[in-house]
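Contents: one structure, followed by commentary.
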Amino acid sequence: MKLRFSFFYLTIISVLKLFSTEVIIAKIDIPYNIALSPSNVAILQLNNVPKDCKVITIEELKKEKYFTKKYLQKEKIICHDDLKKENNNKVIFSFGSIEIETNGRILYENNDYIKIKRDNGKIEKIYKDGRAR
0 MKLRFSFFYL TIISVLKLFS TEVIIAKIDI PYNIALSPSN VAILQLNNVP
50 KDCKVITIEE LKKEKYFTKK YLQKEKIICH DDLKKENNNK VIFSFGSIEI
100 ETNGRILYEN NDYIKIKRDN GKIEKIYKDG RAR
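Using numbering that gives the first Met the number 0, the first residue of the sequence shown is number 0, and each one after it goes up by one.
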C-alpha cells in the first residue's frame with residue numbers, strides 16, 4: 000500500500016513539474032529605476048501565472064540591462080511590464096576636427112544646425128559653425 004501511494008505521489012509531482020512555469024521573483028525589495036541583476040532575483044516554478052504577466056527569463060536579464068519601472072516588493076513575480084530596457088540614445092556629430100557625443104535623438108538636421116531632443120525632454124539647437132545662437 001505504501002509503495003502504491005509513494006509511486007502515485009511521485010507521478011503527481013512529476014506531472015505538476017511538467018505543467019509548471021519558470022518565473023523570476025525579487026529576492027529583496029528593489030527601488031524604482033534600479034538596474035536589475037541576476038543576484039537580485041531568484042527562480043521559482045509556479046503552476047499558476049497571472050495571464051497579464053509576460054514572464055522574463057534569466058537569459059534575458061544576462062543579455063540586456065533592465066531597469067525597474069516601479070518599486071518591486073520582495074517575493075513578487077517580475078513581469079516585462081515592470082521593467083524597461085536601458086536607454087541607449089546617443090548622438091554623435093562631427094564639426095570638422097571636433098566630435099560631440101550627447102544623449103538624445105536627432106529631430107532635425109540641415110546645413111546650419113542640428114535639433115536634438117534630450118532624454119529629459121528639452122530640445123537643443125546646435126549650430127554647425129560653433130556659434131551659440
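All residues carry an ideal CB built from backbone N, CA and C; glycine is no exception. Treat the numbers as computed from the prediction; the structure is a model and nothing was measured.
query	result
Three-state secondary structure assigned by DSSP to T56	coil
Check whether I77 and I42 have beta carbons under 8 Å apart	no
Residue burial classification, A34 (beta-carbon count within 10 angstroms, cutoff 16)	exposed
Distance CB(L60)-CB(P37) smaller than 8 Å	yes
C-alpha distance - Q72 paired with T101, whole-angstrom precision	35 Å
Spatial distance of I113 from E21 (CA atoms)	48 Å
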